[in-house]
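Participant: Numbering (our numbering), first residue to last: 120 to 693.
One structure, as structure tokens, below. Some questions next.
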Amino acid sequence: MSTPPTYLYVEPGDEITDLVDRLRRAGAATELVFILPEGARALRTPLDLQLLQQYARGFGKTATIVAADPRVQRLAVRAGFTAYGSLPGPPGPAATGPGAPGPAEAGPAGAGGILPPPPAAPPRGRGPVPQEPASEAELAPPARGTVDPPPRRGRRLRATALGTGAVLFLVGILAILLLLPSATVVVVVRATPLHDAVTLQGTTSPAQATQLDSVATQSLLTPLEQAQYRAVPTGTRHLPGAAATGHETLASDVPVPLQIVLQPGTRFATSGAHPEVFTVPAAVTVVIPACSGSCGSGQYGPPSQPFPITAAAVGSQGNVTPGAVVTWVDNPCLASPPPAQCAIFSPPLSGTSFAAANPEATSGGRDPTSVTIFTGGDLALVRRTDHALTVRLIQRVRHDLLAAAGSSLIMASGPSGSGVAVTVTQPTYPLVGAVGAPETLTVTATGAATAYSLQAARQAALRDLLSKIPVDGELLGRPRISVPTVVQAAPGGSLTLQATVTSSWAPRLDLAPYGGDLVLKSPGSARAFLLSRVPSAASVLIRQSPFALPWLPLLRSRIHVVRLARAAGGGAAA
């Protein structure tokens with residue numbers, strides 16, 4: 120079962136912050152209907168509607184706008200709301216907030232979508248005034264009767280001529296005084312020149328971009344571009360074989376420590392039909408610990424410290440596992456018959472047996488072979504290929520940046536080329552002479568830049584210029600704004616621009632009320648009057664048409680008072 124919507128009545132004095140607070144206090148209600156009355160200040164701009172939509176989604180709620188104003192409805196739809204001209208259907212819970220409408224004020228039920236505004240009332244024009252029909256007496260022909268005799272003909276003609284002449288003379292005088300003359304009164308004020316050197320700082324914050332000396336910028340980033348190629352070694356190196364090396368230990372079954380000096384070439388071997396022989400490379404003194412406890416019959420004491428051995432033959436066959444080298448080939452006590460004393464021992468012994476073993480595997484044995492290596496030519500080819508791909512990737516990244524900027528933005532590039540950065544990551548090249556196999560190398564590139572709108576920069580420069588005009592002044596004509604110069608730029612939106620703006624301003628004057636004060640004044644009196652009433656006036660010029668009269672026209676509508684701003688160099692602007 121769905122929860123009925125909650126109706127929120129927007130007060131005329133509410134701000135967007137008040138509506139956000141009511142959103143926050145809506146509790147568990149998920150569907151909210153904002154009822155916007157005529158004259159309400161909130162939700163009249165796209166920014167208000169976008170903020171309300173953002174907070175509504177952040178609180179997990181769905182908002183609907185009800186407003187009779189079609190413009191507000193269109194803005195609400197663009198911001199992602201559902202908009203109505205009146206309440207859709209019978210209302211649910213009562214609208215919250217003071218002044219909330221009752222059920223009778225909710226509007227027609229079933230209104231969905233954006234309701235069009237009511238048709239405008241037809242214009243009221245003046246129709247023909249009805250006239251009463253004429254009476255029969257008025258329509259009847261005049262009755263026949265006796266006619267008075269006419270006066271004397273000469274006197275009548277003379278009187279008519281005099282009357283006509285007087286009328287024409289008066290009409291001419293009135294035409295001269297009322298209709299023909301016109302006057303243009305030009306109040307000349309001094310224009311103050313403006314020359315502003317503007318320094319603009321770029322920002323990615325929309326709110327900060329509206330401040331003085333700030334211009335909106337955009338940080339551009341491109342996706343990762345990459346290219347791969349193969350590095351193939353073509354050189355050959357012959358490697359000689361190597362003998363395996365390792366360590367050997369000795370243990371005995373006698374209850375006293377023994378010490379023996381092994382001479383170079385003393386042999387040890389593995390067991391089996393084809394033993395691998397190892398020799399002692401240099402003379403070494405071996406101390407064999409005493410055997411404690413039950414010794415003999417295959418029981419031996421702890422082993423001696425390991426001493427080095429080397430395989431007698433070159434090749435990988437000398438790489439044997441731990442414990443494989445178990446035979447002491449040159450054991451003097453193994454002679455048959457054994458000598459009475461093993462003279463090499465101290466003290467001399469006879470009939471002593473020993474256990475030999477390698478505690479770790481022997482290693483390093485290598486058969487003669489040939490390996491593939493990277494040559495100088497291979498590395499030169501790798502570098503040429505990498506350079507060509509890097510140039511291609513940089514071109515692609517710059518194309519991506521231009522596409523991201525579009526036709527409305529300019530990528531900022533400072534004097535040192537800053538503002539547009541292309542980062543290239545290159546692989547580790549193989550070393551000349553290194554043993555290797557064919558491998559795949561990858562080069563990548565990304566781009567970052569700061570972009571700005573030329574139109575936004577000009578508007579920011581103009582805002583700075585307007586801030587220097589007094590409250591009672593106004594800009595004259597269209598200012599000249601130079602093309603902005605990039606002083607500093609860096610990826611991420613950092614930008615400094617410089618531009619010059621040249622124009623002039625003059626005091627704002629409302630001269631229309633003075634026209635009535637100049638009626639029938641002499642040009643000198645009118646000039647003195649305006650100079651005394653308009654403090655910023657430098658001079659007053661009066662032009663009369665079609666000919667000059669000692670007074671200004673009688674009709675106020677025939678006197679035109681205009682302002683002329685004149686700069687120090689002689690230029691003028693209205």
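For each residue, glycine too, the CB sits at the ideal point set by N, CA and C.
By DSSP, does alanine 576 sit in helix, in strand, or in coil?
Facilitator: In this structure, alanine 576 counts as helix in the three-state DSSP scheme.
Participant: Roughly how many angstroms separate the alpha carbons of tyrosine 174 and leucine 142, rounded to a whole number?
Facilitator: The alpha-carbon atoms of tyrosine 174 and leucine 142 are separated by roughly 8 Å.
Participant: With 16 as the cutoff for other CB atoms within 10 Å, does phenylalanine 397 come out buried or exposed?
Facilitator: Classification for phenylalanine 397: buried.
Participant: Spell out the partners DSSP gives leucine 616 in its beta bridges.
Facilitator: The partner list for leucine 616 (beta bridge, DSSP) reads Leu319 and Val605.
Participant: Should valine 605 be labelled buried (16 or more other beta-carbon atoms within 10 Å of its own) or exposed?
Facilitator: Counting Cβ neighbours within 10 Å, valine 605 comes out buried, since at least 16 surround it.
Participant: On the three-pair Cβ rule with 8 Å, is the stretch 613 to 625 touching the stretch 316 to 336?
Facilitator: Segments in contact, yes.
Participant: Measuring straight from C-alpha to C-alpha, what distance separates glycine 635 and leucine 671?
Facilitator: Answer to the nearest angstrom: the Cα atoms are 11 Å apart.
Participant: Would DSSP call histidine 314 helix, strand or coil?
Facilitator: Strand at histidine 314.
Participant: Look at leucine 683 and valine 139 and say whether their C-beta atoms are less than 8 Å apart.
Facilitator: Contact flag unset, no.
Participant: Taking only three categories from DSSP, how would you classify proline 598?
Facilitator: Here proline 598 sits in strand by DSSP.
Participant: Under 8 Å, with one C-beta from each stretch per pair, do the stretch 566 to 574 and the stretch 491 to 509 reach the 3-pair mark?
Facilitator: The stretch 566 to 574 vs the stretch 491 to 509: no contact.
Participant: Sort out for me which residues DSSP pairs glutamine 337 with in a bridge.
Facilitator: Ala570, per the DSSP bridge assignment.
Participant: Taking the beta carbon of arginine 646 as the centre, do at least 16 other beta carbons fall within 10 Å, making it buried, or is it exposed?
Facilitator: Classification of arginine 646: buried, given that the 10 Å Cβ count is 16 or more.
Participant: Could you tell me which of Pro123, Pro131 and Pro156 sits nearest to alanine 147, measuring between CA atoms?
Facilitator: Taking only the C-alpha atoms, the option nearest alanine 147 is Pro123.
Participant: Flag this pair as touching only if the stretch 344 to 352 and the stretch 401 to 415 have three or more C-beta atom pairs under 8 Å; answer yes or no.
Facilitator: The stretch 344 to 352 vs the stretch 401 to 415: no contact.
Participant: Rounded to the nearest angstrom, what separates valine 129 and valine 152 at their Cα positions?
Facilitator: Their Cα atoms are separated by approximately 10 Å.
Participant: Under DSSP, the alpha helix (DSSP H) around arginine 517 begins and ends at which residues?
Facilitator: From DSSP, the alpha helix (DSSP H) with arginine 517 extends over 495 to 524.
Participant: Write down the C-beta distance between glutamate 395 and glycine 365 rounded to the nearest angstrom, noting that I regard them as a contact closer than 8 Å.
Facilitator: Contact flag wrong, Cβ pair sits at about 11 Å.
Participant: Quick one: measure Cβ to Cβ for alanine 430 and alanine 362, integer angstroms, because I've assumed they're closer than 8 Å.
Facilitator: The pair is a contact, with the Cβ atoms about 4 Å apart (cut-off 8 Å).
Participant: Buried or exposed: which applies to serine 333, given that a residue is buried once 16 or more other Cβ atoms fall within 10 Å of its Cβ?
Facilitator: Serine 333 should be labelled buried.
Participant: Would you check if there are 3 or more beta carbon pairs closer than 8 Å linking the stretch 584 to 596 to the stretch 622 to 635?
Facilitator: Output reads yes: the stretch 622 to 635 touches the stretch 584 to 596.
Participant: Taking C-beta to C-beta, are alanine 323 and threonine 336 nearer than 8 Å?
Facilitator: First, the residue type needs correcting, since residue 323 is threonine and not alanine in the sequence shown. In contact: threonine 323 and threonine 336 (Cβ atoms closer than 8 Å).
Participant: Going by DSSP, name the residue or residues bridged to tryptophan 447.
Facilitator: DSSP output for tryptophan 447 lists Phe387 as bridge partner(s).
Participant: Check threonine 437 in the structure and name its three-state DSSP category.
Facilitator: Strictly speaking, residue 437 in this sequence is glycine, with threonine absent from that position. Looking at glycine 437 - three-state DSSP - the assignment turns out to be helix.
Participant: Can you grab the Cα-Cα spacing for the pair serine 676 / glycine 282, in whole Å?
Facilitator: Cα to Cα, the separation comes out at about 31 Å.
Participant: So, is proline 101 buried or exposed, given that buried needs 16 or more other C-beta atoms within 10 angstroms?
Facilitator: As displayed, the chain neither begins before 120 nor continues past 693, which places residue 101 out of reach and without an answer.
Participant: Quick check on phenylalanine 288: buried or exposed, where buried means 16 or more other Cβ atoms within 10 Å of its Cβ?
Facilitator: That one is exposed.
Participant: Let me check understanding here. Comparing Cα to Cα, which of Asp188, Leu560 and Val433 lies closest to arginine 160?
Facilitator: Considering only alpha carbons, the answer is Asp188.
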